[in-house]
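**Student:** I have a structure here, written as structure tokens, and I will follow up with some questions on it.
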Amino acid sequence: MNVEKIREDFPLLKRKINGKKIVYLDNAATSLKPKQVIEAVDYYYSNVGANIHRGLHKLSEEATRAYEEAHKKVAQFVGARKNETIFTKNTTEGMNLVMYSLMNSNYFKRGDKIVVSKMEHHSNIVPWQFLEKKIGVKLEYARLDENYEIDMKDFEEKVRGAKLVSVTGASNTVATFPDIREIEKKAHKEGALLCIDGAQLVPHKEVNFGAMKADFLAFSAHKMLGPTGIGALVAKEKLLKELEPFMYGGDMIHSVSWHEASWNELPYKFEAGTPNIGGAYGFGAAIDYLKKIGMRKIEKREKGLTKIALEELEAVESIKLYCPKDEGKQGAIVLFNSSRVSPHDLALALSEMENICVRSGMHCAEPIVSSLNSEGLARASFYFYNTEEEIKLLSKTIKEILGTFG
Ligand SMILES: Cc1ncc(COP(=O)(O)O)c(C=O)c1O
Numbered sequence: 039m040n041v042e043k044i045r046e047d048f049p050l051l052k053r054k055i056n057g058k059k060i061v062y063l064d065n066a067a068t069s070l071k072p073k074q075v076i077e078a079v080d081y082y083y084s085n086v087g088a089n090i091h092r093g094l095h096k097l098s099e100e101a102t103r104a105y106e107e108a109h110k111k112v113a114q115f116v117g118a119r120k121n122e123t124i125f126t127k128n129t130t131e132g133m134n135l136v137m138y139s140l141m142n143s144n145y146f147k148r149g150d151k152i153v154v155s156k157m158e159h160h161s162n163i164v165p166w167q168f169l170e171k172k173i174g175v176k177l178e179y180a181r182l183d184e185n186y187e188i189d190m191k192d193f194e195e196k197v198r199g200a201k202l203v204s205v206t207g208a209s210n211t212v213a214t215f216p217d218i219r220e221i222e223k224k225a226h227k228e229g230a231l232l233c234i235d236g237a238q239l240v241p242h243k244e245v246n247f248g249a250m251k252a253d254f255l256a257f258s259a260h261k262m263l264g265p266t267g268i269g270a271l272v273a274k275e276k277l278l279k280e281l282e283p284f285m286y287g288g289d290m291i292h293s294v295s296w297h298e299a300s301w302n303e304l305p306y307k308f309e310a311g312t313p314n315i316g317g318a319y320g321f322g323a324a325i326d327y328l329k330k331i332g333m334r335k336i337e338k339r340e341k342g343l344t345k346i347a348l349e350e351l352e353a354v355e356s357i358k359l360y361c362p363k364d365e366g367k368q369g370a371i372v373l374f375n376s377s378r379v380s381p382h383d384l385a386l387a388l389s390e391m392e393n394i395c396v397r398s399g400m401h402c403a404e405p406i407v408s409s410l411n412s413e414g415l416a417r418a419s420f421y422f423y424n425t426e427e428e429i430k431l432l433s434k435t436i437k438e439i440l441g442t443f444g
């Protein structure tokens, strides 16, 4: 992988603030965008501009073709079919779509069990809490072991009789890749539906939904080079045919009379109203870009960068790392804390001194992060365009900051 050449594609990496380049290590929050994605979005607004599925004129036809083509690209990227691939606003909307569609289809009744793990993002906790209050389902959390992995014994007990299991494919805090194969086996043995939060998985690893037993997989374009405001929920076709829609209105219908409506074909049954068409152009371009590099190469590069970051930060006095012991289970995220300086002060000082962007606080996963440190934690997260030099600058600057905090 020619990283120097790749970095040329990212306009933000050329930006300077106070005469210094940006060191972007906040990729788990959102990734940078290459010019190919920016140009694709610009092309739509500058040259096409029309709505989809509504007009017979050339511009509408062109927009419709590109929008449907983007579905095909995203579907193929994760080993799914086009009619299984619903465009959403983001992962959060994907999780809400699952929750509302299941609720609208009367899938749950009082006392039914939903199992998640203790490393989930708010978007895989709060929708289920809503069902606890609305229907009286029981939300259970599988414990983590001392290596920040899901305790599979506890999971096995909790999953007994569950109606739905919903777990992350990769943690945005402790960085663990849970053992999805094992989770699939156990969930399916119980006849439970399985939903995977793929927000931190799909941008970093090759995924083949067709070969998975999972029923739903949600992810966001903006964490994988694409624009904000668009993402996908991939789901098994049989299930999508049976489920009630999540939102109702234009474009998701086949026919409407005064008191009845029938639904559009998949995936449009689940895409109500004018969608993010420009975003779809960008999402398609992001997929093209990732495929050109290759997900295996991306994964390998990130492993190398993460290893360096772990070694560098582990060697810094007063720093504690929160990550799995098993390297194979570690994503491109390093969660850490210093006993000498608060995570917010550390993040602010890194930004002030060297334009280093890291995130601090609860990382939208307050239950787990607050259990590790009530003040929150700092997080550096990488993508394939990051460099060893950037990571070394991170550890060097942290040492300087800690020096001034005595
Ligand atoms: C693991 C995980 N799940 C879900 C989300 C929510 O993604 P979005 O804000 O794009 O909906 C995030 C975002 O950081 C995440 O890291």
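Be aware that the sequence shown starts at 39, since it is given in this note's numbering, and climbs by one per residue. For each residue, glycine too, the CB sits at the ideal point set by N, CA and C. Keep in mind the model is a prediction, meaning the values are calculated, not measured.
(1) Between the Cα of S161 and those of K196, N128, F146, E340, spot the shortest distance and give me the residue it belongs to.
(2) Shortest alpha-carbon distance to K367 belongs to which of E350, Y186, M250?
(3) In the DSSP assignment, find the beta strand (DSSP E) that holds I357 and state where it starts and stops.
(4) Taking Y179 as part of the beta strand (DSSP E), name the residues at either end of that continuous run.
(5) Nearest CA to the CA of F254: which residue from K111, N85, A273?
(6) So for N162, helix, strand or coil by DSSP?
(7) Using the beta-carbon count (16 or more within 10 Å), is R417 buried or exposed?
(8) Taking DSSP's pairing of strands, which residues face D64 in a bridge?
(9) Taking Cβ to Cβ, would you say F308 is nearer than 8 Å to L135?
(10) Can you give the beta carbon distance from F146 to I173, rounded, assuming they're within the 8 Å contact cut?
(11) Please look up how many angstroms separate the CB atoms of Y360 and L440, rounded, as I've assumed it's under 8 Å.
(12) Sort out for me which residues DSSP pairs W301 with in a bridge.
(13) Between the C-alpha atoms of I218 and K201, what's the straight-line distance to the nearest angstrom?
(14) Using the beta-carbon count (16 or more within 10 Å), is W296 buried or exposed?
(15) Which stretch, first to last residue, makes up the alpha helix (DSSP H) that contains G441?
(16) Please tell me whether H422 and I325 are closer than 8 Å, where the distance is taken between their beta carbons.
(17) Given A180, which residues of its chain have a CB within under 7 Å of its CB, disregarding the five upstream and five downstream residues?
(18) Using the rule of at least 16 other Cβ atoms within 10 Å of the residue's Cβ for burial, across every protein chain shown, is T312 buried or exposed?
(19) First and last residue of the beta strand (DSSP E) that includes A273?
(20) Leaving out the 5 sequence neighbours to the left and right, which residues in its chain are closer than 7 Å to T123 when beta-carbon positions are compared?
(21) Would you kindly work out how many angstroms separate the C-alpha atoms of L384 and E438, rounded to a whole number?
(22) With DSSP as the reference, identify every bridge partner of I55, one or two as the case may be.
(23) Going straight from the alpha carbon of F115 to that of S356, what length do you get?
(24) Using the beta-carbon count (16 or more within 10 Å), is E340 buried or exposed?
(25) Residue range of the alpha helix (DSSP H) that R339 falls in?
(26) Identify whether G399 lies in helix, strand or coil by the three-state DSSP scheme.
(27) Excluding sequence positions up to five away, which residues of its chain have a Cβ less than 6 Å from the Cβ of E228?
(28) Can the beta-carbon of S433 be found closer than 8 Å to that of E350?
(29) Here's the rule I'm using: 16 or more other beta-carbon atoms within 10 Å means buried, otherwise exposed. How should T211 be labelled?
(30) Would you call F443 buried or exposed, if buried means 16 or more other Cβ atoms sit within 10 Å of its Cβ?
(31) Just the Cα atoms here: how many angstroms apart are A169 and V175?
(32) Between G207 and Q238, which are expected to be in contact by the criterion C-beta below 8 Å, what is the C-beta distance as a whole number of angstroms?
(33) In whole angstroms, what is the alpha-carbon distance linking V75 and K330?
(34) To the nearest angstrom, how far is it from the Cα of L328 to the Cα of T68?
(35) Using three-state DSSP, classify S139 as helix, strand or coil.
**Tutor:** A quick look at the data gives this:
(1) Comparing Cα positions, the closest option is N128.
(2) Nearest C-alpha to K367: Y186.
(3) I357 -> beta strand (DSSP E) spans 357-359.
(4) Per DSSP, Y179 is one residue of the beta strand (DSSP E) stretching across 176-180.
(5) Taking only the C-alpha atoms, the option nearest F254 is A273.
(6) In the structure shown, N162 falls within a helical segment according to DSSP collapsed to helix, strand and coil.
(7) The C-beta of R417 has 16 or more other C-beta atoms within 10 Å across all chains shown, which makes the residue buried.
(8) According to DSSP, which records beta bridges pairwise, D64 is partnered with S419.
(9) In this structure, the beta-carbon distance from F308 to L135 falls below 8 Å.
(10) F146 to I173, Cβ: 5 Å. Contact.
(11) The C-beta separation of Y360 from L440 comes to about 18 Å, leaving the pair out of contact by the 8 Å criterion.
(12) Bridge partners of W301: I291.
(13) Just so you know, the alpha carbons of I218 and K201 end up roughly 17 Å apart.
(14) It is exposed - the Cβ of W296 has fewer than 16 other Cβ atoms within 10 Å.
(15) If you look at G441, you'll find it in the alpha helix (DSSP H) that goes 426-442.
(16) Sequence inspection shows Phe at residue 422; the His mentioned does not correspond to that position. Pairing F422 with I325 gives a Cβ-Cβ distance that is not under 8 Å.
(17) For A180, where only same-chain residues beyond five positions count, the Cβ hits under 7 Å are V153, S155, K156, I188, D189, D192, F193, K196.
(18) Within a 10 Å sphere around the beta-carbon of T312 sit fewer than 16 other beta-carbons, which makes this residue exposed.
(19) For A273, the enclosing beta strand (DSSP E) stretches over residues 269-273.
(20) Excluding positions up to five away in sequence, the list reads H109, V112, A113, A270, V272, P305.
(21) For L384 and E438, the distance between alpha carbons rounds to 11 Å.
(22) Note: I55 sits in a beta bridge opposite K58.
(23) Pairing F115 with S356, the inter-Cα distance amounts to about 42 Å.
(24) Answer is buried; the Cβ neighbour count reaches 16.
(25) R339 -> alpha helix (DSSP H) spans 333-352.
(26) Assignment of G399 by DSSP, reduced to helix, strand and coil, places it in the strand class.
(27) Hits under 6 Å: V197, A200.
(28) A contact, by the Cβ cut-off of 8 Å.
(29) Around the CB of T211, 16 or more other CB atoms lie within 10 Å, so the residue is classed as buried.
(30) Flag for F443 reads exposed.
(31) The residue you asked about is not Ala; residue 169 is Leu in the sequence shown. Taking the CA atoms as reference points, L169 sits about 6 Å from V175.
(32) Contact flag correct, Cβ pair sits at about 7 Å.
(33) Between V75 and K330, the C-alpha separation is close to 13 Å.
(34) The C-alpha of L328 lies about 15 Å from the C-alpha of T68.
(35) Here S139 carries a helix assignment [DSSP, helix/strand/coil].
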